[in-house]
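In terms of UniProt numbering, the sequence shown opens at residue 1 and continues consecutively.
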Amino acid sequence: MDFAPSLPTRLLVVDDDPQIRTMLAGYLSTFGMQADGVEGGAQMRRAMAAGDYDLVILDLSLPGESGLDLCRELRAQTDVAVIMLTARAELADRVVGLEVGADDYVTKPFEMRELVARIHTVLRRSRGDARRAAAAPGGHELRFGDWRLNTMLRQLVDGDDVVVPLSNAEFRLLLTFIEHPNRVLDRELLINQARGRGLDVFDRSIDLLVSRLRQKLRDDPRDPALIRTVRGEGYVFTTTPER
1 MDFAPSLPTR LLVVDDDPQI RTMLAGYLST FGMQADGVEG GAQMRRAMAA
51 GDYDLVILDL SLPGESGLDL CRELRAQTDV AVIMLTARAE LADRVVGLEV
101 GADDYVTKPF EMRELVARIH TVLRRSRGDA RRAAAAPGGH ELRFGDWRLN
151 TMLRQLVDGD DVVVPLSNAE FRLLLTFIEH PNRVLDRELL INQARGRGLD
201 VFDRSIDLLV SRLRQKLRDD PRDPALIRTV RGEGYVFTTT PER
């Protein structure tokens, strides 16, 4: 019996340093990954339009358009996984990266094996998201209030049929709330479900994610109707979706 060969994992490395691009492409190929390298935003857009990539490795400190701007653009247009490379390790940089939708961070200088491990973790989590979305109760579309969440397309749609883009973490967080309506969910559970295991996470990250999700859902943080804070315990999704 003939089997079609599995396609290699395709990565796009966006870094203005040609040595880093060449080094990463060569090393990742030894793990069965195909890595293409580009130096900036214009080249990234051409590559994304021409190819189907599983993950983007994106340098934070690019000349011209910053890595944060490019990550924000990717999140608005695709659900491709993103790992950011940065020479900065401050908490503020990780928070900003989370805000724009990065799936993980690797700080320069980094061990190549660590990067490979993080790539595998992010891809495994992304593929698990696809299986989880396909198995979501109520078919591929879940309705709550004036909103619809298409779990296959990973799209949030408002009452005027306008698509509101979600980052990977925002999608996982919203799906977790929908799967557990009217129950208080503590921060540890939400971190594990929304961010996945194996990441350097912190309490503020989930609070920030909830804040971002409330903004997307136009849920007044002073008097939220969908995601309420339970002081000292966590959060509760107060609407039961139509399944």
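Even glycine gets a Cβ: it sits at the ideal position worked out from N, Cα and C.
Check: Neighbourhood of phenylalanine 110 by C-beta distance below 8 Å, restricted to the same chain and skipping five residues each side; Outcome: Leu85
Check: DSSP beta-bridge partners of valine 236; Outcome: Val184 and Arg228
Check: Cβ-Cβ separation, isoleucine 227 to arginine 214 (assumed contact under 8 Å), whole Å; Outcome: 6 Å
Check: Exposed unless 16 or more other CB atoms sit within 10 angstroms - verdict on aspartate 103; Outcome: buried
Check: Distance CB(leucine 11)-CB(methionine 44) smaller than 8 Å; Outcome: no
Check: Cβ pair count under 8 Å reaching 3, the segment 50–64 against the segment 145–161; Outcome: no
Check: Contacting residues, own chain, Cβ-Cβ under 8 Å from aspartate 16 (five flanking each side not counted); Outcome: Glu39, Gly40, Asp59, Leu62 and Pro63
Check: Where the beta strand (DSSP E) containing leucine 142 begins and where it ends; Outcome: 141–144
Check: Status (buried if at least 16 other CB within 10 Å, exposed otherwise) for arginine 183; Outcome: exposed
Check: Glycine 51 and valine 82 closer than 8 Å at C-beta; Outcome: no
Check: Whole-angstrom distance between arginine 125 and alanine 47, CA atom to CA atom; Outcome: 24 Å
Check: Alpha-carbon spacing of arginine 172 relative to serine 66, whole angstroms; Outcome: 26 Å
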